[in-house]
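Residue numbers (our numbering): 1381 to 1924.
Scroll down for the structure; my scribbles are underneath it.
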Ligand code: G6Q
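Below you can see the structure in the form of structure tokens.
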């Protein structure tokens, strides 16, 4: 494990293999093996993954699995499931899998089975959600809650927003759910401007309960409430609940710890949407549907843990990502869900993937000499087809794509769903096989225009199909990416569970804040930063 990745024989064999198969084409692969599309497909936890349109041969896969073995990916996976402190720089276990373990499971951290703790919180969340949903939980003036605003940022926001949007069809339509994350006051003001404070519940989500943005917005929410509810501090208890690991800070803020839902240091922020951080999701879709979502996560956990590498979805997706990232030099991965409900899924994945694997040193602190985490990005289809797909089809960069589609619509409307899904299949086909100059000419295209209409093809993609978007299938999909990220991080031998890179900016912001407030404060930054601050002071002071 401590051997440098690029010196491993398995890595070098992959490099040599890449040189040999560089000129291969997907078109030829399918000509050579007409059944390739059926053979290179696997199913797990209700997801069907077609990975046949990837630039891989059986030899490539054999070498990638060999690399995974040499890197001890399965042993690292087992260490995670066991509760070992695999987040080495923070000396923490990484146990998001415990958040969806069934009641009778046993997962130990420091000699304590954490599963009963998980279920105790889930049960309290369920009881609270039921009270809010039934109208039994009343605001300060006796009105039931109709609006829920979740305040959090990063891992304490992106998951809940994504899940709410994804599962909107299952949500209480007579309630309003909003999410406030940005310290830009526009976020809070726009989220509350048309709401009645008497009917509004704030969920303050912060693992540490010290995050600048969240605490600032939480204070704004408290002021808003007090002002609208006649200034009675007792109102807070009826309109604020907290999700945190930090009881002391929650108390200090003035939220009754009776109304606090906890989690643990072994849950990373970006892996927390299925912890109490998902309280807004549970209120929206109800405790039973939330448990269905957890069951979906768990099904993918079991698949990842128990399935042989060759048929293991996260293993395959993780290794394919390494293949393109490190051998083809691909810089990005496009995630293209053909589901409007998944419109925030790419944004959610950006944090999951890039905060996890955007690392430049190994676990031992050595600078890596290979690329780590690729850039994940995307938009729902078909919209993206009318904007950036052009570059994927005809640009000069290789962009592996993940297409995600559902076979049944939640909103049957004529044959619109067929139109949607036809585009999934057509896009991956077009990317893989393109259109040659001969084909373009044969269509009668003038010679001068023909080169512009050529699509070279050979653009790789995965297609993930699922029967229907449900809480369960959302759980499987998120867990698929969580574990794919894990596989990549294990190959690169990095800490996928810390995020030290976000600290420096926070420290510098803390220094700048008083310099904006006190315009006489001495500026001791570089000349660019000093000039920008001076310009801000000048223009800000001109406000009416
Ligand atoms: C996630 C990160 C980060 C974190 C936010 C919010 O893995 O650690 O995005 O979730 O900074 O932190 P708090 O929940 O502590 O407010």
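Every residue gets a Cβ at the ideal spot worked out from N, C-alpha and C, and that includes glycine.
Please read all numbers here as calculations on a predicted model, not as lab measurements.
Taking the alpha carbon of residue 1460 as the reference point, which residue from 1681, 1542, 1558 has its own alpha carbon closest?
1681
Over what stretch of residues does the beta strand (DSSP E) that includes residue 1423 continue unbroken?
1421-1424
Using a Cβ-Cβ cutoff of less than 7 Å, which residues in the same chain neighbour residue 1830 once the five nearest sequence positions on both sides are dropped?
1817, 1820, 1821
Given a cut-off of 8 Å on the beta-carbon distance, is the pair residue 1586 and residue 1561 in contact?
In this structure, residue 1561 does not lie closer than 8 Å to residue 1586 by Cβ.
C-alpha distance - residue 1906 paired with residue 1568, whole-angstrom precision:
Going by the C-alpha atoms only, they are around 33 Å apart.
Selected residue, minimal CA-CA separation from residue 1512, among 1447, 1620, 1612
The shortest C-alpha to C-alpha distance from residue 1512 to any of 1447, 1620, 1612 is the one to 1620.
Going straight from the alpha carbon of residue 1428 to that of residue 1661, what length do you get?
26 Å
My output table needs one value for residue 1431: the three-state DSSP class, helix, strand or coil.
coil
Consult DSSP for residue 1849 and reduce its assignment to one of helix, strand or coil.
coil
With a threshold of 8 Å on Cβ separation, who are the neighbours of residue 1787 within its own chain once the five nearest residues in sequence on each side are excluded?
1801, 1845, 1846, 1847, 1848
For ligand 1, is there a heavy atom less than 7 Å away from the beta-carbon of residue 1470?
Result no, Cβ not under 7 Å from ligand 1.
What residues in its chain sit with their C-beta under 8 Å from that of residue 1851, if we drop five residues either side in the sequence?
The beta carbon of residue 1851 is closer than 8 Å to those of 1547, 1550, 1665, 1669, 1670, 1672, 1673, 1676 in its chain, skipping five residues each way along the sequence.
Name the residue from 1908, 1896, 1902 whose alpha carbon lies nearest to the alpha carbon of residue 1918.
1896
Contacting residues, own chain, Cβ-Cβ under 6 Å from residue 1563 (five flanking each side not counted):
1593, 1596
Helix, strand or coil for residue 1402? Go by DSSP, reduced to three states.
Coil, per DSSP.
Contact check, residue 1854 vs residue 1543, beta carbons under 8 Å:
yes
With distances taken between CB atoms, is the gap from residue 1616 to residue 1642 smaller than 8 Å?
no
Per DSSP, what kind of secondary structure is residue 1878 in: helix, strand or coil?
coil
What do you reckon, is the C-beta of residue 1887 under 7 Å from a heavy atom of ligand 1?
When distances are taken from the beta-carbon of residue 1887 to the heavy atoms of ligand 1, even the shortest one reaches 7 Å or more.
Same chain, Cβ closer than 6 Å to residue 1730, five either side skipped, listed in chain order
1756
Ignore the nearest five residues each way along the sequence and tell me which others in residue 1488's own chain have a CB closer than 6 Å to its CB.
1463
Going by beta carbon distance, what residues of the same chain come within less than 6 Å of residue 1589, once the five residues before and after it are set aside?
Short of 6 Å from the beta carbon of residue 1589, and not among the five residues preceding or following it, lie these beta carbons of its own chain, in chain order: 1624, 1626, 1629, 1630.
Pull up the CB-CB distance for residue 1598 and residue 1531, whole angstroms please, since I reckon it's below 8 Å.
About 6 Å separates the beta carbon of residue 1598 from that of residue 1531, a gap short enough to meet the 8 Å contact definition.
Where does residue 1689 sit, in a helix, a strand or coil, going by DSSP?
helix
Does the beta-carbon of residue 1588, which I'm using as the reference point, lie nearer than 7 Å to any heavy atom of ligand 1?
yes
Using the DSSP secondary-structure output, state which residues sit across from residue 1747 in a beta bridge.
1741
Residue 1483 - partner residues in DSSP beta bridges:
Its beta-bridge partners do not exist; DSSP assigns none.
Mapping the DSSP letters down to three states, classify residue 1466 as helix, strand or coil.
coil
May I ask you to check if the CB of residue 1591 is nearer than 7 Å to at least one heavy atom of ligand 1?
Here the distance from the Cβ of residue 1591 to the nearest heavy atom of ligand 1 is below 7 Å.
If we count the other Cβ atoms within 10 Å of its Cβ and call it buried at 16 or more, is residue 1807 buried or exposed?
buried
Given residue 1700 as reference, the closest of 1798, 1444, 1418 once Cα atoms are compared:
1444
Quick check on DSSP: helix, strand or coil for residue 1552?
The answer is coil: DSSP assigns residue 1552 none of H, G, I, E or B.
heavy atom of ligand 1 below 7 Å from residue 1533 C-beta:
Checking every heavy atom of ligand 1 against the Cβ of residue 1533, one is found closer than 7 Å.
So the alpha helix (DSSP H) residue 1801 belongs to, where does it begin and stop?
1796-1813
Let me know the secondary structure DSSP gives residue 1901 once reduced to three states.
Coil.
Please classify residue 1870: is it buried, with 16 or more other beta-carbons within 10 angstroms of its beta-carbon, or exposed?
Here residue 1870 is buried: its Cβ has 16 or more other Cβ atoms, across all protein chains shown, within 10 Å.
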